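Report on the structure given below.
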Amino acid sequence: MEFLDNLKDTMNTGYTENGSKAYLSTKDNLLDLFAKMGAWRYRINMDFNLKGQIIINDDDPFKILLKSYLTAPKETLCSLMYLRDIRGGLGERKLFRLFLIYLYLKRDDKQDLLDKTLNSLFDIGRYDDIVFILHQLHLAGIKKEKLYDKLKAQFFGELKGELPISLLGKWLPSENTSNKQTILMAKFTREQILQMDSRAYRKALSKLRAEIKIIENNLREKDYSFDYSKIPSLA
Numbered sequence: 009m010e011f012l013d014n015l016k017d018t019m020n021t022g023y024t025e026n027g028s029k030a031y032l033s034t035k036d037n038l039l040d041l042f043a044k045m046g047a048w049r050y051r052i053n054m055d056f057n058l059k060g061q062i063i064i065n066d067d068d069p070f071k072i073l074l075k076s077y078l079t080a081p082k083e084t085l086c087s088l089m090y091l092r093d094i095r096g097g098l099g100e101r102k103l104f105r106l107f108l109i110y111l112y113l114k115r116d117d118k119q120d121l122l123d124k125t126l127n128s129l130f131d132i133g134r135y136d137d138i139v140f141i142l143h144q145l146h147l148a149g150i151k152k153e154k155l156y157d158k159l160k161a162q163f164f165g166e167l168k169g170e171l172p173i174s175l176l177g178k179w180l181p182s183e184n185t186s187n188k189q190t191i192l193m194a195k196f197t198r199e200q201i202l203q204m205d206s207r208a209y210r211k212a213l214s215k216l217r218a219e220i221k222i223i224e225n226n227l228r229e230k231d232y233s234f235d236y237s238k239i240p241s242l243a
């Protein structure tokens, strides 16, 4: 047993970027995920096929994620929420989106937990996180009607003045852009979620964004006369 233990320790030994000795694994799937996910943001690229569907390779980060999820699903999703949280966490968008989409595609039998995590993005993320993930799930044949309805109710509630203005109008994708992926997302949002034509969608976005008074518009026009005290200090 001592020989086998020593062999396992030897196989578990690697080196840091600076050449120092380190363990390759903590021997705990959840802890491995939590310890490594912050550094993965610089290693994983986001690629798309011609239909706009994300291309995910089953390399080490996704294998570690799946192992963690299979052994501790709730704790794994809490770790992902920390990864995305724009205030109390790491604020990492790309990796969170990839990981959640990956789990949806791999664990079709556990979507209730995943749905709760996706729904949490109304508080800890941005509206474009939700639209991005819903679009990718739609391309994979997965429709989340309850979330479609929630976004639709928020959108038209704000448009009619029945709900307070949020940042929804800012983060919904526009069709008037050169980015192909954004155009596909905007078309999905307009057709599948809001059921609007292009002209009505464009006018509605313009109205909501005028209400929000998006600061980027001032900066683009080099207009610095806005009230600095009303600019939020957090994302």
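Quick note: the sequence shown uses my numbering, first residue 9, plus one each step.
Each residue gets a CB set at the ideal place from its N, CA and C atoms; glycine is no exception.
Nothing here was measured: the structure is a model prediction, and the numbers come from that model.
Through-space distance from residue j to residue i, alpha-carbon basis
i	j	result
Ser186	Arg207	18 Å
Leu38	Thr84	6 Å
Phe70	Pro181	28 Å
Asp231	Ala218	15 Å
Leu126	Arg134	11 Å
Leu167	Lys158	14 Å
Asn57	Gln189	10 Å
Lys75	Ile141	22 Å
Val139	Arg51	24 Å
Leu213	Ile94	24 Å
Phe196	Lys215	20 Å
Arg115	Glu229	47 Å
Lys44	Asp68	11 Å
Ile223	Ile173	15 Å
Gln162	Cys86	26 Å
Leu175	Ser28	46 Å
Leu147	Lys59	8 Å
Trp179	Asp36	37 Å
Residue i, buried or exposed, once every other Cβ within 10 Å from all chains shown has been counted against 16
i	result
Glu100	buried
Lys151	exposed
Phe11	The predicted position of Phe11 is uncertain, since its pLDDT is 49 and thus under 50; a value taken from the coordinates is nonetheless stated next. Exposed: under 16 other Cβ atoms inside 10 Å.
Leu227	exposed
Tyr77	buried
Thr79	exposed
Phe234	exposed
Tyr209	buried
Leu194	The identity of residue 194 in the sequence shown is Ala, whereas the question assumes Leu. By the neighbour-count rule (16 or more Cβ atoms within 10 Å), Ala194 is buried.
As assigned by DSSP and simplified to three states, the class of residue i
i	result
Asp67	coil
Tyr156	helix
Ser46	Residue 46 is actually Gly in this sequence, not Ser. Correct three-state label for Gly46: helix.
Asn127	helix
Thr84	helix
Phe140	helix
Leu175	coil
Glu199	helix
Lys79	Checking the sequence shown, residue 79 turns out to be Thr, not Lys. Helix.
Thr185	coil
Met204	coil
Lys151	coil
Lys230	coil
Ile95	Sequence check: residue 95 is Arg here, not Ile. Looking at Arg95 - three-state DSSP - the assignment turns out to be coil, as it is neither helix nor strand.
Ser237	helix
Lys221	coil
Glu170	coil
Thr190	helix
Leu180	coil
Lys118	helix
Arg101	coil
Bridge partner(s) assigned by DSSP for residue i
i	result
Asp55	Ile63
C-beta atoms of residue i and residue j nearer than 7 Å
i	j	result
Gln61	Ile109	no
Ile64	Leu41	no
Gly177	Ile220	yes
Leu103	Arg49	yes
Leu91	Leu98	yes
Leu129	Asp137	yes
Leu191	Glu199	The displayed chain sequence assigns Ile, not Leu, to residue 191. For Ile191 and Glu199, no; Cβs fall outside 7 Å.
Leu121	Pro81	yes
Lys154	Leu202	no
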